Amino acid sequence: MKPDLKQIQAPIATEMEEFEKKFRDFMKSKVKLLDHITNYIVRRKGKQMRPMFVFLTAGVSGGITEASYRGAALIELLHTATLVHDDVVDDANYRRGFFSVNALWKNKIAVLVGDYLLSRGLLLSVDNGDFELLRIVSNAVREMSEGELLQIAKARKLDITEDVYYTIIRQKTASLIASCCAVGAATSGASPELIERMRDFGEKIGMAFQIKDDLFDYGEDEIGKPLGIDIKEKKMTLPLIYALNNASWLDKKRIIYLIRNKNEDKKAVNEVIGFVKKSGGLAYATEVMNKYFEEALAILEGFPSSEYKTSLEGLVRFTIERKK
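Numbering (the numbering used here), first residue to last: 2 to 325.
Below, the structure is given as structure tokens:
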């Protein structure tokens, strides 16, 4: 049966509603412009998968506590700060179909709003003595920055190996979901061993999630992400890496030439997409994604049955069965 987010959220529906109120309170300031912008950010929230991971892993690991709300808010504040800054760096005018903060209020204000959200997250933890949560999430933010910079450095040379690709997506994407699960476990009073187990669980989900995202670039589903956007941005993802590794020297040279010099040419991008599909790149990436998915479920199997566990399994399935 296809996972449904509303059903998945059912055991934590009350907590999610309460979280939304608390999160709005955590973002409040005495500056009218800032409140106006943060209200705009809150209104365009996405699927809220990060707080869901926090609450469900807390439920599975021992129980949801007041610290779980602060942990979920800390992740949302720090992650939102990085997204606001990312839009400035990428000169992006849209996020999730809405105008980005920098598009509406210009870069200077967007950078300052990002800084404000970052400081709110830090103070929320410091004021409540949540130093372990702060350590977990700060590590994730550091890894995300390192992963982004590693990807930029490698995009210039187009020399990403499969191992380097895994390092990039582990840092860029999986580290955040891993921190959600570790924070959930930590707020439930779990042992360091259990926290690490949940961190590993989240990392595997994050790896599967990013590979699924990379598959979208090849038009496997109808989504908001434009076809071939990774190729246009010279991002070497798993389907392409596999296809190049199994290509003849001549084909490899031609495809790399197209990515390096013709990445804005629609015909050239379509040629690269066709080459990856024909070379079995999508099938290989799907196989690797499913391996991470199975490993994540295997970790979850060790926990006693509960409505939280059932929903967490549903959320894991949703990450690889989603259409956008």
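Positions of the beta carbon are idealized from the N, C-alpha and C atoms, including for glycine.
Small disclaimer: the values here were computed from a predicted structure and weren't measured.
Relative to Ser280, the option among Glu77, Ala248 and Ala183 whose CA is nearest is Ala248. Take Gly190, set aside five residues on each side of it, and the residues of its chain with a beta-carbon closer than 7 Å to its own are Gly63, in chain order. Runs of the alpha helix (DSSP H) lying entirely within the segment 52-100, each at least 4 residues long, are 67-91 in chain order. Here Ile178 is not near Gly148, since their CB atoms are 8 Å or more apart. The beta carbon of Arg25 is closer than 7 Å to those of Val43 in its chain, skipping five residues each way along the sequence. Non-local beta-carbon contacts of Leu298 in its own chain, meaning distances under 8 Å to residues more than five positions away in sequence, involve Glu314 and Val317 in chain order. Membership of Val277 in the alpha helix (DSSP H) is indicated by the continuous run Lys267 to Lys279.
Per DSSP, reduced to three states, the secondary structure at Leu159 is coil, with no helix or strand assignment. In this structure, the CA atom of Phe210 is about 33 Å from the CA atom of Asp128. Where Glu197 is concerned, the enclosing alpha helix (DSSP H) starts and stops at Pro193 to Phe217. Shown here, Met237 sits in coil according to DSSP, grouped into three states, outside any helix or strand. Two segments are said to touch when three or more pairs of C-beta atoms, one from each, lie closer than 8 Å; by this definition the segment 109-118 does not touch the segment 141-155. Here DSSP, grouped into helix, strand and coil, assigns Pro305 to coil. Minimum Cα-Cα distance from Leu35 among the listed residues Gly115, Glu322 and Asp201 corresponds to Gly115. The continuous alpha helix (DSSP H) containing Arg255 extends over residues Trp250 to Asn262. Taken through DSSP and simplified to helix, strand or coil, Asn291 comes out as helix.
A contact is defined here as three or more CB-CB pairs under 8 Å, and the segment 282-291 meets this definition with respect to the segment 235-244.
Tyr219 places its beta carbon 8 Å or farther from that of Ile300. A Cβ-Cβ contact shorter than 8 Å links Gly207 with Thr174. Bounds of the alpha helix (DSSP H) holding Arg121 are Val102 to Asp128. Of the candidates Glu16, Leu159 and Ser192, the residue whose Cα lies closest to the Cα of Ala74 is Glu16. From the listed residues Asn40, Gly72 and Glu67, the smallest Cα separation to Val55 is found for Gly72. Here DSSP, grouped into helix, strand and coil, assigns Lys31 to coil. Around the CB of Ser176, 16 or more other CB atoms lie within 10 Å, so the residue is classed as buried.
Around the CB of Glu194, fewer than 16 other CB atoms lie within 10 Å, so the residue is classed as exposed.
Pro52 and Val142 have their C-alpha atoms some 16 Å from each other.
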